[in-house]
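Peer 1: I'd like to ask you about the structure that follows.
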Amino acid sequence: MHTIAIIGGGASGMAAALSARDSLDNRVILLERQSRVGRKLLATGNGRCNLSNANAGPFAYHGNDPGFIGPAMTRFGVTDTLAWFAALGLRTRTEPNGRIYPLSDAAGSVVDVLRLAMDARGVETVCGFTAAEARREDGRFILSSSLGDAVECDKLIVACGGMAGGRLGGTKDGYAILRGFGHNRTALRPSLVQLKTDPAWTRSMKGVRTQAFLTLEQGDTVLARAEGEVQFTDYGLTGPGVYDLSRAASFAGEDSTVVLRLLPELNKVDIIQYLSDKRANFPNYQAEYLLSGALHNSIARTVLRRAEIPLEARLWALSDAALEQIASLLCRYVLPLLGTLGFDDAQVTAGGIETAGFDPETMESRIVPGLYACGEVLDIDGDCGGYNLQWAWSSGRLAGLAAAGLIGGAE
1042 MHTIAIIGGG ASGMAAALSA RDSLDNRVIL LERQSRVGRK LLATGNGRCN LSNANAGPFA
1102 YHGNDPGFIG PAMTRFGVTD TLAWFAALGL RTRTEPNGRI YPLSDAAGSV VDVLRLAMDA
1162 RGVETVCGFT AAEARREDGR FILSSSLGDA VECDKLIVAC GGMAGGRLGG TKDGYAILRG
1222 FGHNRTALRP SLVQLKTDPA WTRSMKGVRT QAFLTLEQGD TVLARAEGEV QFTDYGLTGP
1282 GVYDLSRAAS FAGEDSTVVL RLLPELNKVD IIQYLSDKRA NFPNYQAEYL LSGALHNSIA
1342 RTVLRRAEIP LEARLWALSD AALEQIASLL CRYVLPLLGT LGFDDAQVTA GGIETAGFDP
1402 ETMESRIVPG LYACGEVLDI DGDCGGYNLQ WAWSSGRLAG LAAAGLIGGA E
């Protein structure tokens, strides 16, 4: 009987533990530094747990080698993942945009089926174990905790996650362990995180949500594009559309800007026509009502103030040039980028342990036999929308089965 230890009780770690127990000949120990497993998972999707996406594919992933995901995603794609969860007792539903949630709309349901399945299958879960040191002696791994406890195993799976979500358990532990075995790490940046912009033209709209097209620009170069919901804050921007820009924003240089198209369904000619018709049909309206029916009042007033148009001015008094200036702002609402919020606020870490050091067919180290890694600790991160959890399930399943000798590559 082999002993397989998994460091990290998050999504990829629990998937690895359950998969390793598909062979009952193996003893499986899951080591979690917090007081319970799945704590970060409980917070995903605003507590609903966006556990996958029906549209998952290579386009949604990033890193030095996004193609590394291929074998794991082929062997354990979305359909396989949903069937695996269904066998554990979880029912799901897919929204029109492809996002997949538990039928209960509660992340706790996902954690519960995983936790109960691990108990039923004999996975030994040890909470409060922080792996302070990991070494290999005589073909076995020896893990020492910060409290002096020790665990020995034949196979080791590192599934510690990344630095994102520090208040919920984000950690550097996995990087330190794998670097200790000779693996290299890329630069780390927060991703799926809020953007800090010049607050002068967002603070007045704090809490307001709108649909928009977004571009991240540096001079004449477009660094990234996105579309979706944007929420204004007193420090800048948040929301799903913003998260899709945030990875590029984390790596962007100085003098970058975020540009919003605030009426994404209309081009500039259509907007000017809309404003002209409003002026002609309601000449005695005050300017603050020019965009009523098209935009939230707070956004409309902020745009007018930025265009230096008095809110009390009558529409008949607005020149064609004034209407064109308003239309220009609605098409290109430019906000200087000041950076992003930090890892504590991020949903995922961009960067990680270099994938070149691992076999994508098994997730096994090319340097140390019997050592595996999966999930966010590696230099793979996905877009907003369930893609990161799909990578966690796929890579965790692959690592667990390979460590158990159920698929090629294990001893």
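Numbering follows the numbering used here, with no gaps: position 257 of the sequence shown is 1298. Heads up, the beta-carbon is just placed ideally off N, CA and C, and yes, glycines get one too.
Are the beta-carbon atoms of THR1256 and VAL1263 separated by less than 8 Å?
Peer 2: Taking 8 Å as the Cβ cut-off, THR1256 and VAL1263 qualify as a contacting pair.
Peer 1: So what does LEU1236 bridge to, in DSSP terms?
Peer 2: Note: LEU1236 sits in a beta bridge opposite LEU1278, THR1381.
Peer 1: Return the Cβ separation of LEU1376 and TRP1242 in integer angstroms, given the expectation that the two are a contact with Cβ distance under 8 Å.
Peer 2: Yes, they are in contact, since the Cβ atoms of LEU1376 and TRP1242 sit about 6 Å apart, within 8 Å.
Peer 1: Taking Cβ to Cβ, would you say LEU1059 is nearer than 8 Å to MET1159?
Peer 2: Yes, these two residues count as a Cβ contact at 8 Å.
Peer 1: Would LEU1408 be called buried (16 or more neighbouring beta carbons within 10 Å of its own) or exposed?
Peer 2: Before going on, a small fix: residue 1408 reads as Ile here, not Leu. Answer is exposed; the Cβ neighbour count stays below 16.
Peer 1: Between the stretch 1375 to 1394 and the stretch 1231 to 1239, can you find at least three pairs of beta-carbon atoms closer than 8 Å?
Peer 2: Yes: at least three Cβ pairs fall under 8 Å.
Peer 1: Three-state secondary structure (DSSP) at GLY1111?
Peer 2: GLY1111 falls in the helix class under three-state DSSP.
Peer 1: Going along the chain, which residues of its own chain have a beta-carbon closer than 6 Å to the beta-carbon of GLY1206, five neighbours each way excluded?
Peer 2: Result list for GLY1206: LYS1081, in chain order.
Peer 1: Return the chain-ordered list of same chain residues with a C-beta closer than 6 Å to the C-beta of LEU1286, the five sequence neighbours on each side being excluded.
Peer 2: Cβ neighbours of LEU1286 beyond the five flanking positions: LEU1255, LEU1257, ALA1265, ALA1267.
Peer 1: Tell me whether ALA1368 is buried or exposed, calling it buried when 16 or more other Cβ atoms sit within 10 Å of its Cβ.
Peer 2: Buried, because 16 or more other Cβ atoms sit within 10 Å of the Cβ of ALA1368.
Peer 1: Straight-line CA distance for ILE1047 to CYS1372?
Peer 2: Their Cα atoms are separated by approximately 50 Å.
Peer 1: DSSP on ALA1348, reduced to helix/strand/coil?
Peer 2: DSSP places ALA1348 in coil when its eight states are reduced to three.
Peer 1: From ASN1096 to ALA1113, what does the alpha carbon distance come to, in whole angstroms?
Peer 2: Cα to Cα, the separation comes out at about 16 Å.
Peer 1: Apart from the five residues just before and just after ARG1342, which ones in its own chain have a Cβ nearer than 7 Å to its Cβ?
Peer 2: Excluding sequence neighbours, ARG1342 sits near GLU1329, LEU1352.
Peer 1: Just to check my reading of the structure: GLY1398 and SER1053 have Cβ atoms closer than 8 Å, yes? What is that Cβ distance to the nearest angstrom?
Peer 2: The pair is not a contact, with the Cβ atoms about 17 Å apart (cut-off 8 Å).
Peer 1: Let me know the secondary structure DSSP gives ALA1443 once reduced to three states.
Peer 2: Three-state DSSP puts ALA1443 in a helix.
Peer 1: Report the three-state DSSP secondary structure of PHE1292 (helix, strand or coil).
Peer 2: Helix.
Peer 1: Do you know how far the Cα of GLN1235 is from the Cα of GLU1365?
Peer 2: Using only the alpha carbons, I get a separation of about 31 Å.
Peer 1: DSSP three-state label for PRO1099, please.
Peer 2: In the structure shown, PRO1099 sits in a helix (DSSP, three-state: H, G or I).
Peer 1: For ILE1141, name the three-state secondary structure that DSSP assigns.
Peer 2: In the structure shown, ILE1141 sits in a strand (DSSP, three-state: E or B).
Peer 1: Starting from the C-beta of SER1186, find all residues in its chain whose C-beta is less than 7 Å away, skip the five residues before and the five after it, and write them out in chain order.
Peer 2: Only PHE1170, THR1171, ALA1172, ALA1173 meet the Cβ criterion.
Peer 1: Which value, in whole angstroms, describes the spacing of the CA atoms of ALA1147 and THR1122?
Peer 2: If you take the alpha carbons of ALA1147 and THR1122, they lie about 18 Å apart.
Peer 1: Do ASN1325 and ARG1355 count as a contact pair if the criterion is CB distance below 8 Å?
Peer 2: It is a contact, given that the beta carbons lie within the stated cut-off.
Peer 1: Have a look at the DSSP bridge pairing and note the partners of ILE1183.
Peer 2: Partner(s): ARG1176, GLU1193.
Peer 1: Take every Cβ of the stretch 1182 to 1201, pair it with every Cβ of the stretch 1078 to 1094, and state whether three or more of those distances are shorter than 8 Å.
Peer 2: Contact fails: fewer than three Cβ-Cβ distances are below 8 Å.
Peer 1: Can you give me the C-alpha to C-alpha distance between TYR1142 and GLU1136, rounded to a whole angstrom?
Peer 2: Their Cα atoms are separated by approximately 8 Å.
Peer 1: Tell me the residue span of the beta strand (DSSP E) that contains VAL1069.
Peer 2: Start and end: 1068 to 1073.
Peer 1: Quick check: VAL1192 and ILE1070, are their CB atoms within less than 8 Å of each other?
Peer 2: In this structure, ILE1070 lies closer than 8 Å to VAL1192 by Cβ.
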